[in-house]
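Trainee:
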Amino acid sequence: MKDWEIVREDIERVVLPTIHEMMAKGDPLLYVRHSGRCCKQVAYLLTCYLQEQLPDYHWTAWESTFTDYMEDYPHAWVYGESKTGQSDLILDYGKLQTEYAFFQETNGNVYPTLLDSKGNRFFTTEEELELDMEIDGERKQIIPPEDVLMAFVGMTFGEAYQTLKKKLEEAGR
Numbered sequence: 000m001k002d003w004e005i006v007r008e009d010i011e012r013v014v015l016p017t018i019h020e021m022m023a024k025g026d027p028l029l030y031v032r033h034s035g036r037c038c039k040q041v042a043y044l045l046t047c048y049l050q051e052q053l054p055d056y057h058w059t060a061w062e063s064t065f066t067d068y069m070e071d072y073p074h075a076w077v078y079g080e081s082k083t084g085q086s087d088l089i090l091d092y093g094k095l096q097t098e099y100a101f102f103q104e105t106n107g108n109v110y111p112t113l114l115d116s117k118g119n120r121f122f123t124t125e126e127e128l129e130l131d132m133e134i135d136g137e138r139k140q141i142i143p144p145e146d147v148l149m150a151f152v153g154m155t156f157g158e159a160y161q162t163l164k165k166k167l168e169e170a171g172r
């Protein structure tokens, strides 16, 4: 099993349930109204987590406008560009529905082709999300911005990330 596949298991078993639990508690009405869709918050937290767990990749969060049969909506995912010649990685765990979730190898930051019934692509634009964080150059350790309040969560980014790390430690990861 590849390193990223082990990390994928941790994300699916511990990280995502923890993120959704924090959001459901932080603003239950907003969380329910959005049907558990919290792609931007998930992308930010996963980008930091992946920078610690898989440092052989340069991790960035991306957002695009997706179109489905009813509406246009923003959606975010995470892309990992290999620093060592391995395959790049792309993942999307922003929706609660697991059939839309994926973590896979890719050839560049190309979101898997999603077509509607008429053969149209589901997204129209893409741009890198701003991720305000500092990196300690010697230890390569992420220092989350403590003062950025996260939507849904009801706590700062730093508090949310520390909660996530604590849950991983409790799970023996």
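Here the sequence shown is numbered in numbering that gives the first Met the number 0, starting from 0 and rising by one per residue.
Even glycine gets a Cβ: it sits at the ideal position worked out from N, Cα and C.
1. Measure the CB-CB distance between Val-13 and Leu-53 and report whether it falls below 8 Å.
2. Leaving aside the five residues before and after Tyr-75 along the sequence, list all residues of the same chain whose C-beta is less than 7 Å from its C-beta, in chain order.
3. Is the beta carbon of Leu-44 closer than 8 Å to that of Ile-10?
4. Suppose you measure from the CA of Phe-101 to the CA of Leu-90; what does that come to, to the nearest Å?
5. Between the beta-carbon of Thr-162 and the beta-carbon of Thr-64, is there less than 8 Å?
6. Below 7 Å CB to CB, which residues in the same chain sit around Gly-25 once its five sequence neighbours on both sides are set aside?
7. Which one of Asp-71, Asn-108, Pro-111, Asp-55 has the shortest CA to CA distance from Gln-85?
8. So is Ala-159 buried or exposed if we call it buried at 16+ other beta carbons inside 10 Å?
9. Where does Leu-28 land, buried or exposed, given buried means 16+ other C-beta within 10 angstroms?
10. What residues are listed by DSSP as bridge partners for Pro-73?
11. Note the first and the last residue of the continuous beta strand (DSSP E) segment covering Thr-17.
12. Going by the beta-carbon positions, is the gap between Tyr-78 and Asn-108 smaller than 8 Å?
13. Could you pull the DSSP bridge partners for Glu-104 from this structure?
14. Measure the C-alpha to C-alpha separation of Trp-58 and Tyr-30 and round it to an integer number of angstroms.
15. Could you compute how far the alpha carbon of Leu-167 sits from the alpha carbon of Cys-47?
16. Tell me, please, which residues DSSP counts as bridged to Tyr-56.
Mentor: In brief:
1. Looking up residue 13 in the sequence shown gives position 14. Looking up residue 53 in the sequence shown gives position 54. For the pair Val-13 and Leu-53, the CB atoms are not nearer than the 8 Å cut-off.
2. Mapped onto the sequence shown, residue 75 falls at position 76. Note that residue 75 is Ala in the sequence shown, not Tyr. Closer than 7 Å at the Cβ level, and outside the excluded window around Ala-75, lie Cys-38, Lys-39, Ala-42, Ala-60, Trp-61, Glu-62, Gly-93, Leu-128.
3. Position 11 of the sequence shown, counting from 1, holds the residue named residue 10. Position 45 of the sequence shown, counting from 1, holds the residue named residue 44. Not closer than 8 Å, so no.
4. Counting from 1 along the sequence shown, the entry for residue 101 is found at position 102. Counting from 1 along the sequence shown, the entry for residue 90 is found at position 91. Roughly 5 Å separates the two Cα atoms.
5. Start at 1 with the first residue of the sequence shown, and residue 162 comes out as number 163. Start at 1 with the first residue of the sequence shown, and residue 64 comes out as number 65. No, they are not a contact pair.
6. In the sequence shown, the residue the question calls residue 25 occupies position 26. Phe-151, Val-152, Gly-153, Met-154, listed in sequence order.
7. One-based indexing of the sequence shown puts residue 85 at position 86. Of the listed residues, the one whose Cα sits closest to Gln-85 is Asp-55.
8. Position 160 of the sequence shown, counting from 1, holds the residue named residue 159. For Ala-159, the number of other beta carbons within 10 angstroms of its own is at least 16, and it is reported as buried.
9. Position 29 of the sequence shown, counted from the start, is the residue given in the question as residue 28. The residue in question, Leu-28, is exposed, as its Cβ has fewer than 16 Cβ neighbours within 10 Å.
10. Residue mapping note: residue 73 aligns to position 74 of the sequence shown, counting from 1. For Pro-73, which the question treats as bridged, DSSP gives the partners Thr-64.
11. Taking the sequence shown and counting its residues from 1, the one referred to as residue 17 is at position 18. Bounds of any beta strand (DSSP E) do not take in Thr-17; it lies within the alpha helix (DSSP H) bounded by 15 to 25.
12. For the purposes of this step, residue 78 is taken as residue 79 along the sequence shown, with counting starting at 1. For the purposes of this step, residue 108 is taken as residue 109 along the sequence shown, with counting starting at 1. By the CB criterion at 8 Å, Tyr-78 and Asn-108 fall inside the cutoff.
13. Here residue 104 is taken as the residue at index 105 of the sequence shown, counted from 1. Note: Glu-104 sits in a beta bridge opposite Leu-88.
14. Counting from 1 along the sequence shown, the entry for residue 58 is found at position 59. Counting from 1 along the sequence shown, the entry for residue 30 is found at position 31. Their Cα atoms are separated by approximately 26 Å.
15. Position 168 of the sequence shown, counting from 1, holds the residue named residue 167. Position 48 of the sequence shown, counting from 1, holds the residue named residue 47. Using only the alpha carbons, I get a separation of about 14 Å.
16. Taking the sequence shown and counting its residues from 1, the one referred to as residue 56 is at position 57. The partner list for Tyr-56 (beta bridge, DSSP) reads Ser-81.
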